[in-house]
Amino acid sequence: MHRHAIRTFSLNNSPSARISLRSATLIYISPLSTSTYTLPPVQHNSGLRTTSKMPEIIDDKSQHCIPFLLDRVKAHQARYASNPDQAPPLFLGLNGVQGAGKTVLVSTLHHTLRNPPYSLPVTTLSLDDIYLTHADQQHLATTNPQNPLLQHRGQPSTHDLSLGLKVFESLREGRPTKIPQYDKSAFGGQGDRVPEGKWEAVNKEGERRVGVVIFEGWCVGFRAWSDDTLRKMWENAVRRKEEENYDGRLGHVRFEDVRAVNEALRGYDALTDQLDALIHIDAQNIHYVYEWRQEQERTLRATKGTGMTEEQVNHFVDGYYPSYELFTETLRNGAFRKEGVPESKWKGKQLRLVVDKNRRVQEVLLY
């Protein structure tokens, strides 16, 4: 893999933002600006005594991501300098391991771009919001009863790509657009799409057209492998399971199951190929996702009095983990790098932040 403009730094000298889930207030300090904003307040169950300590989320990512994004916006605007009224929005993909701080980063980017001195109309589309309807997900599960990866939402093939492409096209053309929303609490946690009448409307008459679209999700930018490479990776995982202390999940599922996900992922290229830039929040060890998800659920139980048990959380993450094992490497290789594509077409379009177990940035790489 070719890496460009690799930077390392001392955490002790890096400005950061700190969020306390108790106060829900973020203060971001960077070389660019100083800004403060308030996140949606945490809802507390008035009849519940909370004694567990809330985890603090450290945002030391924005100081790297904001300059990168502003640079891409500047380059995008320069391409349409002769006819700015016809410029489509810049599409930014944001991939982050579950629990790594993706939601906080999206909020920071959204807030920064919408406010002076940039004042850009921004909208965010989550991959989660184009999940299949509950009825369609149930149909997918019942028609693939032997595949545990398709029994619930999450994996590639459980999203409505036609809906995502329709939204992308409408935003690109600057038409009035409704942004889908998904209710994960519907049907006892199985989830369902929110009725269209409740979707957010953008590009309404009299409004400035959206200039930046942030498309975020746990598998945004993943690329499928060739069948031969996929089989070799799966066989290696099976061998490791039998020969050593293996803590992955790929070796525990059938090849046919992961092949179905890999084939479905090819269809996601239609979205990925429309991205103008990509930010990837990577982890030094992908296995951190189990602990990060446990922390999130402990917070949920403490604040709302409900949430998954530790066993349920582990089972939930197990369903995603084979894809982390398989496809994270495609992002590390560079999501925009393809055979036959000249370097000038992809160089500088992807930023990768590698975080440690405490979610602190340890490495910054520009592809």
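So the sequence shown is residues 14 to 380, counted in our numbering.
Backbone N, C-alpha and C fix where the C-beta goes; we use that ideal spot for every residue, glycine too.
- Take T137, set aside five residues on each side of it, and the residues of its chain with a beta-carbon closer than 7 Å to its own are V119, H123, I227 and E229, in chain order.
- The region 134–152 makes contact with the region 203–216: 3 or more CB pairs, one atom from each, lie closer than 8 Å.
- Annotation for F340: the continuous alpha helix (DSSP H) segment containing it runs E323 to R345.
- Measuring C-alpha to C-alpha distances from I143 to each of E342, Y301, K370 and Y195 identifies Y195 as the nearest.
- Straight through space, the alpha carbons of G114 and R236 are spaced by roughly 22 Å.
- When only Cα atoms are considered, Y333 and G204 end up about 17 Å apart.
- Just so you know, the alpha carbons of V377 and R206 end up roughly 36 Å apart.
- The beta-bridge partner set that DSSP reports for S139 consists of E229.
- Restricting attention to G112, Q76, S75 and P102, the CA atom closest to the CA of A88 is found in P102.
- In the three-state reduction of the DSSP assignment, H300 falls in the coil class.
- By the neighbour-count definition (other C-beta atoms within 10 Å, threshold 16), F200 is an exposed residue.
- One alpha carbon belongs to L184, the other to K362, and they sit about 21 Å apart.
- Between V271 and W247, the beta carbon gap of about 6 Å places them in contact (Cβ cut-off 8 Å).
- For T190, the enclosing beta strand (DSSP E) stretches over residues T190 to I192.
- One alpha carbon belongs to T343, the other to N96, and they sit about 36 Å apart.
- With respect to the 7 Å criterion, A290 and L107 are not classified as neighbours on the basis of their beta carbons.
- Straight through space, the alpha carbons of Q111 and W231 are spaced by roughly 6 Å.
- In this structure, L162 is the residue among G320, A283 and L162 with its C-alpha nearest to the C-alpha of P335.
- Here the alpha carbons of R252 and R267 stand approximately 13 Å from one another.
- Judged by DSSP secondary structure, A214 falls outside any alpha helix (DSSP H) and instead within the beta strand (DSSP E) spanning E213 to V215.
- In the DSSP annotation of this structure, the continuous segment of the alpha helix (DSSP H) that includes E255 starts and ends at D240 to E256.
- Between the region 319–327 and the region 300–309, the count of C-beta pairs closer than 8 Å reaches three or more; the two stretches touch.
- In this structure, DSSP gives E220 a state outside helix and strand, which the three-state scheme calls coil.
- Beyond the five residues adjoining it in sequence on each side, R244 comes within less than 7 Å, by CB distance, of F268 in the same chain, given in chain order.
- For the set P130, P355, L153 and V180, the Cα lying nearest the Cα of S139 is the one of V180.
- When rounded, the separation of the alpha-carbon atoms in T146 and A154 is 12 Å.
- According to the DSSP assignment, N275 belongs to no beta strand (DSSP E) but to the alpha helix (DSSP H) extending over F268 to R279.
- For L82, the enclosing alpha helix (DSSP H) has its first and last residue at S75 to R92.
- Taking all protein chains shown into account, S198 has fewer than 16 neighbouring C-beta atoms within 10 Å of its C-beta and is therefore exposed.
- With a beta-carbon spacing of about 23 Å, G347 and Y301 fall beyond the 8 Å limit used to define contacts.
- Pairing V367 with Q297 gives a Cβ-Cβ distance under 7 Å.
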